[in-house]
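2 protein chains.
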Amino acid sequence: MEILDGKKLSEQIKEEIKQAVSLRKENGLKTPHLAAVLVGNDGASLTYVGSKVKSCERVGFKSTLIRLEDSISEEALLSKIKELNQDDTLDGYIVQLPLPKHINEEKILLAVDPKKDVDGFHPANFGRMALEMESFIPATPFGIMEMLKRYDLDISGKHCVVIGRSHIVGRPISILMSQKGQPGNATVTLAHSRTKNLAALTQKADIIVSALGVPDFLKADMVKQGVIVIDVGITRVSDENHPRGYVIKGDVDFKAVAKKSSYITPVPGGVGPMTIAMLLQNTLLSCERSDG
Amino acid sequence: MEILDGKKLSEQIKEEIKQAVSLRKENGLKTPHLAAVLVGNDGASLTYVGSKVKSCERVGFKSTLIRLEDSISEEALLSKIKELNQDDTLDGYIVQLPLPKHINEEKILLAVDPKKDVDGFHPANFGRMALEMESFIPATPFGIMEMLKRYDLDISGKHCVVIGRSHIVGRPISILMSQKGQPGNATVTLAHSRTKNLAALTQKADIIVSALGVPDFLKADMVKQGVIVIDVGITRVSDENHPRGYVIKGDVDFKAVAKKSSYITPVPGGVGPMTIAMLLQNTLLSCERSDG
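Protein chains in written order, with my numbering: chain A, 20 to 311; chain B, 20 to 311.
(1) Of the residues that make up the region 152 to 185 of chain B, which ones have a beta carbon closer than 7 Å to any beta carbon in chain A?
(2) Over what stretch of residues does the alpha helix (DSSP H) that includes L237 of chain A continue unbroken?
(3) Give me the Cα-Cα distance between A230 of chain B and E151 of chain A, rounded to the nearest whole angstrom.
(4) What is the rounded straight-line gap between the Cα of I100 of chain B and the Cα of I295 of chain B?
(5) Which parts of the region 123 to 203 of chain B are runs of the alpha helix (DSSP H), unbroken and 4 residues or longer, counting only runs that do not cross its ends?
(6) Tell me the residue span of the alpha helix (DSSP H) that contains T83 of chain B.
(7) Quick one, which of A:H52, A:R184 and A:L97 has its alpha-carbon nearest S309 of chain A's?
(8) Could you list which residues in chain B have their beta carbon closer than 7 Å to that of K215 of chain A, in chain order?
(9) Report yes or no: do the region 227 to 246 of chain B and the region 276 to 287 of chain B share at least 3 C-beta pairs separated by less than 8 Å?
(10) Drop a sphere of 10 angstroms on the beta-carbon of D258 of chain A, count the other beta-carbons inside from all chains shown, and report buried for 16 or more, exposed for fewer.
(11) Keeping to the same chain, check which residues put their C-beta closer than 6 Å to that of I156 of chain A; ignore five residues upstream and five downstream.
(12) State yes or no: is the beta carbon of A63 of chain B nearer than 8 Å to at least one beta carbon in chain A?
(13) For chain B, check one thing: does any of its Cβ atoms lie closer than 8 Å to the Cβ of L303 of chain A?
(14) Which residue marks the beginning of the beta strand (DSSP E) containing A230 of chain B, and which one marks its end?
(15) Could you pull out every residue in the same chain whose Cβ sits closer than 6 Å to the Cβ of A158 of chain A, ignoring the five residues on either side in sequence?
(16) From G25 of chain B to L167 of chain B, what does the alpha carbon distance come to, in whole angstroms?
(17) Output yes or no for whether 8 Å exceeds the beta carbon distance between E153 of chain A and N123 of chain A.
(18) Looking at the C-beta of F236 of chain B, does it have a partner C-beta in chain A at a distance below 8 Å?
(19) Exposed or buried, which one is N204 of chain B when buried takes at least 16 other CB atoms within 10 Å?
(20) Check whether the Cβ atoms of F80 of chain B and T50 of chain B lie closer than 8 Å to each other.
(21) If you draw a straight line from the C-alpha of D288 of chain A to the C-alpha of Q222 of chain B, how long is it?
(22) Under 8 Å, do V181 of chain A and L209 of chain A count as touching if we go by C-beta distance?
(23) What residues of chain B sit near V207 of chain A, judged by a beta carbon separation below 8 Å?
(24) Terminal residues of the continuous alpha helix (DSSP H) containing S281 of chain B?
(25) Taking S92 of chain B as the query, report the chain A residues whose CB atoms sit under 9 Å from its CB, ordered along the chain.
(26) Tell me, please, whether the region 193 to 200 of chain B touches the region 239 to 255 of chain B by the rule of three or more beta-carbon pairs shorter than 8 Å.
(27) In the region 137 to 150 of chain B, which residues sit with their C-beta less than 9 Å from some C-beta in chain A, listed in chain order?
(28) Who are the neighbours of S197 of chain B on chain A, taking C-beta pairs under 8 Å?
(29) Just to confirm before moving on: does the CB-CB distance between V58 of chain A and D106 of chain A stay below 8 Å?
(30) Can you tell me which of the three DSSP states S257 of chain B falls into?
(31) Is DSSP giving P111 of chain B helix, strand or coil here?
(32) Three or more beta-carbon pairs under 8 Å between the region 264 to 272 of chain A and the region 41 to 49 of chain A, yes or no?
(33) With L48 of chain A as the anchor, note down where its alpha helix (DSSP H) starts and where it stops.
(34) Residues of chain B with CB under 7 Å from R190 of chain A, in chain order?
(35) Taking the DSSP output, what are the residues bridged to A55 of chain B?
(36) Closest Cβ-Cβ distance between N104 of chain A and chain B: below 8 Å?
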């Protein structure tokens, strides 16, 4: 069993990005600039955005944190988005979700200029990705593909079961893994809440990507010997014994499943850190694409 | 065994469209208008486009056939596209593929205004479809979904194997069948040229959608008793005994597979006629959306 060490890999990718940025600066090229829009004071969102801004500093990006009141109107937020679209100094920006209930997330998402949509959530980018054109790939599936690539795992012709059909993980990773390319060409089954007899599927899978958000969902008796397991679950579970008051749990019963796996991602330290690295990668890509 | 009669169903849908158009006219609303761009003189393309134009007449649409020389430059075609985008009388148009080799199909495709892209081939529409927003769904997968719906076939939780990962059939139908909705919620496996041991997959499938283009590919020993079979293959096979010199063959060894099937589409007369009906449906939708 080998751990797919997302923490280590993401550090390596960040180091590469840092060097690319440094080279850009030497050559008089623009410094990549990422902005993050945070509406309100949600604890988890603050943590995520904070960690993204910190990562920007780490690789030499310029970063801007835009904090807006919980009470901001949809109209005011849309006008902020418009401003960001027109800001030529910005290579990309993200709008941290969830947004307050009085704001229509789809409307905001659609207002983002696809050229600055480094989260890859805009349908124009999603469609380009699905049709194998140049796009921004959502950071989490992009991170999984990069992980498979760097560990040189050959998924061609292998049977992969993706659990969960979310727009930002399950759906796009099921598409990417089955496309031509390296890594790619997997035979992918997309399973979800309505799937009957999921265990019968996962027991035959060469690769399992679990993006369900149910702690310890995938048990050892649901997988076959030698399986590759990618755990995308990140759920906060209360834990009085922990100073933070919670621990982060993946979808996979790690200890038991690891014993049967050839490769497995831990949580934390697996897919999570890769996600931030790929957001930076998308921002660098956007900057490079605008070099002209 | 019941035949999924695409010919009959498409006639019914066209009749409904015809009535909707007639009602629009009575109410002083715009008559839907579809244009088709045909470059060159390819025989199959002429047949397809001719049949689309004829179907427009049948339902009371206005239709325009734009025939262009094989030798047209990419630039001139792009400027024609621009003209069609700006033509307010048009609700939608299609550019018949394939285009001559000196023209970049992707460039042409991207130039089509997504609001008039009734083929649903533009990435903006594809992305919206994949993310469950209002869009134009490509006519063939749209036709398959409509067929499942009108025959009231419940695919929820069923295992569906889609063979072929093309951008216009395999990929979109694999997405649509696994989305929430009715019909929907199937557990979908997308198989393709790199899939190992395809028969082991198809033998367990409750539903098989074959979009491979290999005549008589799917044999009786590859399916289980009671399977639902959707044959998207349309291949011209030379046949000296036929006045046209060819016959149309599906992917499925129909006679043998039909005996084991609960429902099956014939070729011709299955998915093919549905495709044209759904192109008309998309054009009507476009017209209705512009009523404002």
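We treat Cβ as the ideally placed atom computed from N, Cα and C, and that holds for glycine. Small disclaimer: the values here were computed from a predicted structure and weren't measured.
Checking against the coordinates, here is how it stands:
(1) Answer in chain order: M152, S175, G176 and R184.
(2) Unbroken run through L237 of chain A: none, as it is neither H nor E.
(3) 19 Å
(4) 22 Å
(5) You should have 124 to 130, 142 to 149, 158 to 169 and 189 to 197.
(6) T83 of chain B -> not in any alpha helix (DSSP H); beta strand (DSSP E) instead, spanning K81 to L87.
(7) A:H52
(8) Ordered by position in chain B, the residues that pass the 7 Å Cβ test against K215 of chain A are G176.
(9) yes
(10) Burial call: exposed.
(11) G139 and M148
(12) no
(13) no
(14) That residue, A230 of chain B, is in no beta strand (DSSP E); it is neither H nor E in DSSP.
(15) T294, M297 and L298
(16) 11 Å
(17) With respect to the 8 Å criterion, E153 of chain A and N123 of chain A are not classified as neighbours on the basis of their beta carbons.
(18) no
(19) buried
(20) Closer than 8 Å, so yes.
(21) The question names Asp, but residue 288 of chain A is Gly in the sequence shown. Rounded to the nearest angstrom, the two C-alpha atoms are 39 Å apart.
(22) yes
(23) T208 and L209
(24) S281 of chain B -> not in any alpha helix (DSSP H); beta strand (DSSP E) instead, spanning S280 to I283.
(25) By Cβ distance, chain A contributes nothing, its closest Cβ being about 23 Å from S92 of chain B, past 9 Å.
(26) no
(27) Listed by position, the residues of the region 137 to 150 of chain B near chain A (Cβ gap below 9 Å) are F140, H141, P142, A143, N144, F145, G146, R147, M148, A149 and L150.
(28) R184, L209 and H211
(29) In this structure, V58 of chain A keeps its C-beta atom at 8 Å or more from the C-beta atom of D106 of chain A.
(30) strand
(31) One point to set straight first is that residue 111 of chain B is Gly, not Pro, in the sequence displayed. Note: G111 of chain B maps to strand in three-state DSSP.
(32) No, because fewer than three Cβ pairs between the region 264 to 272 of chain A and the region 41 to 49 of chain A fall closer than 8 Å, the two stretches do not touch.
(33) Premise fails: L48 of chain A is in no alpha helix (DSSP H) and is neither H nor E.
(34) A149
(35) B:L84 and B:I113
(36) Judged by the 8 Å Cβ criterion, N104 of chain A is not in contact with chain B.
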